[in-house]
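Numbering-wise, the sequence shown is residues 73 to 320 according to my numbering. Beta carbons are placed, not taken as given, at the ideal position from N, Cα and C, and that holds for glycine. Report on the following structure.
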Amino acid sequence: MTDTLEKRHALVTGGSRGIGMAIVEKLLLENCDVWYLSRTPGEAVHLEEKANALHCTLSWVECDMADRTSVETALETVIKEAQSIDILVNNAGITRDGLIMRMKDEAWDAVLAVNLTGTFLTCRTVGRLMAKQRKGAIINTSSVVGIMGNAGQTNYAASKAGLIGFSKSLARELATRNVRVNVVAPGFIETSMTDVLPEALKENLSTQIPLGRIGNAEEVADAVCFLASMRASYITGQVLSVDGGMAM
Ligand SMILES: NC(=O)c1ccc[n+]([C@@H]2O[C@H](COP(=O)([O-])OP(=O)(O)OC[C@H]3O[C@@H](n4cnc5c(N)ncnc54)[C@H](O)[C@@H]3O)[C@@H](O)[C@H]2O)c1
Numbered sequence: 073m074t075d076t077l078e079k080r081h082a083l084v085t086g087g088s089r090g091i092g093m094a095i096v097e098k099l100l101l102e103n104c105d106v107w108y109l110s111r112t113p114g115e116a117v118h119l120e121e122k123a124n125a126l127h128c129t130l131s132w133v134e135c136d137m138a139d140r141t142s143v144e145t146a147l148e149t150v151i152k153e154a155q156s157i158d159i160l161v162n163n164a165g166i167t168r169d170g171l172i173m174r175m176k177d178e179a180w181d182a183v184l185a186v187n188l189t190g191t192f193l194t195c196r197t198v199g200r201l202m203a204k205q206r207k208g209a210i211i212n213t214s215s216v217v218g219i220m221g222n223a224g225q226t227n228y229a230a231s232k233a234g235l236i237g238f239s240k241s242l243a244r245e246l247a248t249r250n251v252r253v254n255v256v257a258p259g260f261i262e263t264s265m266t267d268v269l270p271e272a273l274k275e276n277l278s279t280q281i282p283l284g285r286i287g288n289a290e291e292v293a294d295a296v297c298f299l300a301s302m303r304a305s306y307i308t309g310q311v312l313s314v315d316g317g318m319a320m
């Protein structure tokens, strides 16, 4: 059962491709008008036709999540257009991998800026709006790496683990206002983020996944839509792993 009777407004960061685009598509199917933030419209522009067929709107707003002014301006635009936001999905994320001995400050700062500070900025502004509305659902995207750690990803793991503590704290702050905050923690998902890995490494990684395969973006999007829906109305402050059993 979905919430398809009631039209809702959803905002997705990094919706231009990969997991974010799958989330945008599923939210449209769940009767949401969707705004997505990214530096370029990306592959998700092809979803416009689908949105029209579903009598929903899909709007792209230019935004560099690493730039505070850009985020604030983009949020202003969305709020002006949408008036209310029911669902916020913080999905934009980057990696700049390397062992800590060789990690440049730039790689540390860039990952923290997009993954953690970007999420802080959207949650601060949209959280304020949701608190006023006295309803809302926020879903932040962590990673199995934020739970288990991974050599060569200290910056990424710090940002993703940070998101978990951040989200639990925010869930406590906003619970009395009927705003729920949850986290999805994807495992190894087939997108452009993982395409760059060598085939041999991907095969080796698959052997460490109890379900024996890499996941797909739609499987993460399903978990996000569940947490955004009234089916999850009594769930807040939780981390839902979508990782084939990697982090049990
Ligand atoms: N693919 C995986 O295996 C995996 C595993 C765990 C967690 N995740 C997380 O899922 C999320 C989506 O990852 P993905 O695999 O779809 O990656 P992706 O690289 O395919 O997509 C990332 C998205 O973030 C956006 N983005 C990146 N930097 C941005 C910036 N500065 N400003 C605005 N938008 C920006 C991109 O435009 C894109 O839409 C990320 O937060 C990632 O850390 C992915």
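Residue j beta carbon less than 9 Å from that of residue i
{"i": "asparagine 212", "j": "serine 241", "result": "no"}
{"i": "serine 88", "j": "alanine 125", "result": "no"}
{"i": "valine 256", "j": "leucine 299", "result": "yes"}
{"i": "serine 82", "j": "valine 292", "result": "It is worth fixing the name first, because residue 82 is alanine in this sequence and not serine. No, the Cβ-Cβ distance between alanine 82 and valine 292 is not below 9 Å."}
{"i": "leucine 99", "j": "isoleucine 151", "result": "no"}
{"i": "leucine 193", "j": "arginine 140", "result": "yes"}
{"i": "glycine 221", "j": "methionine 137", "result": "no"}
{"i": "serine 215", "j": "glycine 165", "result": "yes"}
{"i": "serine 278", "j": "phenylalanine 260", "result": "yes"}
{"i": "asparagine 162", "j": "tyrosine 228", "result": "no"}
{"i": "isoleucine 159", "j": "alanine 209", "result": "yes"}
{"i": "threonine 189", "j": "glutamine 225", "result": "no"}
{"i": "alanine 304", "j": "leucine 246", "result": "no"}
{"i": "threonine 191", "j": "leucine 235", "result": "yes"}
{"i": "leucine 119", "j": "cysteine 135", "result": "no"}
{"i": "isoleucine 286", "j": "glutamate 271", "result": "no"}
{"i": "serine 156", "j": "glutamine 205", "result": "yes"}
{"i": "isoleucine 281", "j": "glycine 316", "result": "yes"}
Proximity to residue i [Cα-Cα], best of the options
{"i": "asparagine 254", "options": "Val311, Asn103, Pro282", "result": "Val311"}
{"i": "valine 133", "options": "Gly114, Glu271, Ser264", "result": "Gly114"}
{"i": "arginine 80", "options": "Gly90, Asp105, Glu97", "result": "Asp105"}
{"i": "isoleucine 219", "options": "Arg196, Glu102, Ser313", "result": "Ser313"}
{"i": "leucine 283", "options": "Asp267, Ala319, Cys128", "result": "Ala319"}
{"i": "serine 308", "options": "Thr191, Gly170, Arg244", "result": "Correcting the residue type first, residue 308 is threonine in the shown sequence and not serine. It is Arg244 whose Cα lies nearest to the Cα of threonine 308."}
{"i": "alanine 123", "options": "Ser264, Leu246, Asn103", "result": "Asn103"}
{"i": "glutamate 290", "options": "Glu78, Val84, Gly90", "result": "Gly90"}
{"i": "arginine 174", "options": "Thr145, Ala223, Glu144, Ala154", "result": "Ala223"}
{"i": "alanine 154", "options": "Gly170, Glu97, Thr129, Lys176", "result": "Thr129"}
{"i": "arginine 249", "options": "Ala182, Cys195, Ile281, Gly199", "result": "Gly199"}
{"i": "alanine 146", "options": "Leu273, Trp107, Trp180", "result": "Trp107"}
{"i": "serine 142", "options": "Leu101, Ala185, Asp177, Ala179", "result": "Ala185"}
Residues that residue i bridges to, as DSSP identifies them
{"i": "leucine 299", "result": "Paired residue(s): none; leucine 299 is not in a bridge."}
{"i": "serine 313", "result": "Ala257"}
{"i": "alanine 82", "result": "Val106, Ile159"}
{"i": "glycine 287", "result": "Ile261"}
Item checked: Completely contained alpha helix (DSSP H) runs for the stretch 168-240, where each covers 4 or more residues -> 177-183, 190-205, 216-220
Notebook entry, point to check: Where in the stretch 241-275 do unbroken runs of the alpha helix (DSSP H), each at least 4 residues long, occur, reported from the N-terminal end onward?
Noted result: Qualifying alpha helix (DSSP H) stretches, in chain order: 264-267.
Margin query: Runs of 3 residues minimum, wholly inside the stretch 94-161: which ones carry the beta strand (DSSP E) assignment?
Written below: 104-110, 130-134
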